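The next block holds one structure in the form of structure tokens; read it before the comments.
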Amino acid sequence: MISIQNVNKWYGDFQVLTNCSTEVQKGEVVVVCGPSGSGKSTLIKCVNALEPFQQGDIVVDGTSIASPKTNLPRLRSRVGMVFQHFELFPHLTITENLTIAQIKVLGRSKDEATQKGLALLDRVGLAAHAHKHPGQLSGGQQQRVAIARALAMDPVVMLFDEPTSALDPEMVNEVLDVMVQLAQEGMTMMCVTHEMGFARKVADRVIFMDRGQIVEDCTKDTFFGDINGRSDRAQQFLAKILQH
Amino acid sequence: MNYNWNWGVFFQSTGIGSEIYLDWFVTGLGWTIAISLVGWLIALVLGSLLGVMRTVPNRLLATIATTYVEIFRNVPLLVQLFLWYFLVPDLLPEPLEMWFKQDLSPAASAYLSVVVCLGLFTAARVCEQVRTGIQALPKGQLNAGYALGFTLPQVYTTVLLPQAFRIIIPPLTSEFLNIFKNSSVASLIGLMELLAQTKQTAEFSANLFEAFTLATLIYFVLNMSLMMIMRWIEKRVAVPGLISVGGK
Ligand SMILES: Nc1ncnc2c1ncn2[C@@H]1O[C@H](COP(=O)(O)OP(=O)(O)OP(=O)(O)O)[C@@H](O)[C@H]1O
Ligand SMILES: [Mg+2]
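As they're listed, the protein sequences go chains A and C. Take any residue in the first sequence, count from 1 to its spot, add 266: that is its number in the working numbering. Take any residue in the second sequence, count from 1 to its spot, add 54: that is its number in the working numbering.
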């Protein structure tokens with residue numbers, strides 16, 4: 267579903283991504299972790315072409331991002347993305363947030379889009395809030411709306427960039443629950459997160475990044491089960507976050 | 055001060071036709087509004103376009119808009135008006151020049167000059183407000199728009215501009231009021247807007263103080279009404295939780 271092939275990216279002289287390669291199969295859930303500044307967000311943003319890269323290629327569902335012929339808006343409309351800071355559109359109601367891209371990008375009718383949006387809103391447990399604006403919802407609720415908004419586009423894959431790290435602790439679970447359910451339904455997911463409980467529960471594979479490189483890329487069982495077999499850097503990282 | 059106030063002067067005949075002095079003020083106010091509203095329309099449309107140009111990922115467009123702003127903000131308004139009225143017509147192609155100088159009535163050619171002048175001058179200022187508004191938005195909004203499959207123009211029209219305009223209503227209001235105040239420069243090229251009518255009344259009737267008091271009052275009431283209209287618009291489009299620049 268996603269094939270990342272030898273991606274290199276620089277900001278000026280600074281190399282953010284170095285020879286990154288990995289595959290995400292259909293239905294697979296891959297968790298990406300690593301210390302701050304290791305390039306996780308950059309990598310995941312490359313997958314839907316929010317960040318350009320200078321070398322290598324990423325192929326999403328058969329479409330090459332590096333190819334100049336690729337219609338990037340079209341590609342992105344098939345890749346759902348959830349951000350750390352939700353990024354709902356504050357001037358639009360929840361219903362409009364859920365329907366605007368369906369209407370303007372996919373060309374669905376307003377009725378069809380609304381029906382779809384409200385069904386998804388119900389699924390994330392927020393049907394009662396359809397008429398409100400994002401500013402009237404809690405962080406956890408906004409993030410659940412953001413997930414519904416991405417799902418409304420019928421994406422072939424969902425990308426998450428630290429979806430719970432801007433949330434108050436008591437709201438983390440309501441968002442993780444939605445993500446777990448999504449994973450169990452077979453959605454292809456690539457999640458940057460430090461929620462190791464989530465990784466243990468639903469991840470198929472774990473990728474560990476450090477200084478722009480993919481240092482570990484193994485199954486969940488290997489990653490958590492055979493800690494001594496991991497690189498020093500991964501061990502240090504795990505020791506740090508598992509303490510909390 | 056030994057001055058004989060005569061507020062009745064506004065209802066006295068001007069000696070020209072059957073006009074009373076109040077008629078002059080009404081005509082003047084009409085011109086002032088006609089200059090300002092049309093000028094504002096130009097400023098808003100062009101300024102928004104320039105503001106967008108300054109923020110899009112395209113060097114050339116950004117440079118064009120920046121240059122525009124630098125020129126129109128740094129040349130004094132009066133100089134710009136004289137250029138538009140006295141110089142630019144001479145640079146036009148022959149038929150246009152003839153049309154401007156011979157076919158148009160003196161009032162029409164002055165009106166055209168001042169509207170273009172104020173519109174383009176104010177556009178530079180609107181541009182800066184629009185740019186500030188767009189740049190005040192979190193960068194994630196652009197990415198969120200892109201991530202849903204919007205094209206760049208769609209991101210601007212559906213995500214960025216509706217938010218940017220809401221947060222810049224207060225500074226835009228002061229630009230809107232400024233254009234009304236600046237419209238008085240038209241009197242310098244002979245257009246009989248409010249200030250010119252006031253001066254004329256003062257000269258004809260010798261009731262200088264009354265004339266200028268009335269003019270002050272009209273400008274004041276006009277500005278207060280405009281401010282109230284803008285406040286009302288601001289309230290109407292207000293959205294819970296949206297940031298605001300330039301204070302509440
Ligand atoms: N626009 C930019 N220009 C220059 N350097 C950048 C830019 N964006 C990110 N970087 C740098 O690239 C590196 C990787 O950033 P990235 O945001 O991908 O890290 P991350 O792994 O997501 O970290 P975090 O856990 O803090 O989110 C960092 O060192 C960051 O400072
Ligand atoms: Mg990050």
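Where is the CB? At the ideal position from N, CA and C, for every residue including glycine. As the structure is a computational prediction, the values presented were derived from the model and not from experiment.
C-beta contact flag for residue i and residue j at 8 angstroms
i, j, result
"L268 of chain C", "L135 of chain C", "no"
"V184 of chain C", "G93 of chain C", "no"
"V213 of chain C", "H399 of chain A", "no"
"G203 of chain C", "R342 of chain A", "yes"
"V325 of chain A", "I473 of chain A", "no"
"T454 of chain A", "P429 of chain A", "no"
"A198 of chain C", "E353 of chain A", "yes"
"S287 of chain A", "D427 of chain A", "no"
"G511 of chain A", "P421 of chain A", "In the structure displayed, chain A extends from 267 to 510; residue 511 of chain A sits before or after that span and is not available."
"Q321 of chain A", "V273 of chain A", "yes"
"L372 of chain A", "L387 of chain A", "no"
"F263 of chain C", "Y57 of chain C", "yes"
"V282 of chain A", "G300 of chain A", "no"
"T109 of chain C", "I188 of chain C", "yes"
"E247 of chain C", "S259 of chain C", "no"
"V348 of chain A", "I413 of chain A", "yes"
Min CB distance residue i to chain C below 8 angstroms
i, result
"S343 of chain A", "yes"
"G401 of chain A", "yes"
"K370 of chain A", "yes"
"M267 of chain A", "no"
"L448 of chain A", "no"
"M419 of chain A", "yes"
"R410 of chain A", "no"
"I270 of chain A", "no"
"P318 of chain A", "no"
"N494 of chain A", "no"
CB contact below 8 angstroms: residue i versus chain A
i, result
"R220 of chain C", "yes"
"G301 of chain C", "Low local confidence applies: a pLDDT of 37 at G301 of chain C is under 50, so the model's placement there is unreliable, with the coordinate-based value given in what follows. No, no contact with chain A."
"L249 of chain C", "no"
"I283 of chain C", "no"
"L271 of chain C", "no"
"L296 of chain C", "yes"
Bounding residues of the beta strand (DSSP E) (the contiguous stretch that carries residue i)
i, result
"F474 of chain A", "471-476"
"W276 of chain A", "268-277"
"L283 of chain A", "280-290"
Per-residue contacts from residue i into chain A (C-beta, under 7 angstroms)
i, result
"G194 of chain C", "F349, H351, E353"
Residue i: first and last residue of the uninterrupted alpha helix (DSSP H) it sits in
i, result
"G187 of chain C", "160-190"
"V133 of chain C", "131-136"
"D483 of chain A", "Where D483 of chain A is concerned, there is no enclosing alpha helix (DSSP H), although the beta strand (DSSP E) it sits in stretches over 479-485."
"Q447 of chain A", "435-450"
Neighbouring residues, chain A, relative to residue i (Cβ below 8 angstroms)
i, result
"V293 of chain C", "P356, H357, H399, G401"
Under 7 angstroms from the C-beta of residue i: neighbouring residues of chain C
i, result
"P339 of chain A", "G203, F204, T205"
### Query
What are the residues of the stretch 198-218 of chain C that lie near chain A, defined by any Cβ-Cβ distance shorter than 7 angstroms?
A198, Y200, A201, L202, G203, F204, T205, Q208, T212, V213, P216, Q217
#### Entry: Chain-ordered residues of the stretch 345-367 of chain A with a beta carbon less than 7 angstroms from chain C
M347, F349, H351, E353, F355, P356, H357, I366, A367
### Query
What residues from the stretch 91-109 of chain C come within 8 angstroms of chain A, judged by C-beta to C-beta, listed N to C?
none
### Task
Identify each residue in the stretch 454-473 of chain A for which the Cβ-Cβ distance to at least one residue of chain C is less than 8 angstroms, and report them in chain order.
none
### Query
In the stretch 309-336 of chain A, which residues sit with their C-beta less than 7 angstroms from some C-beta in chain C, listed in chain order?
N314, L316
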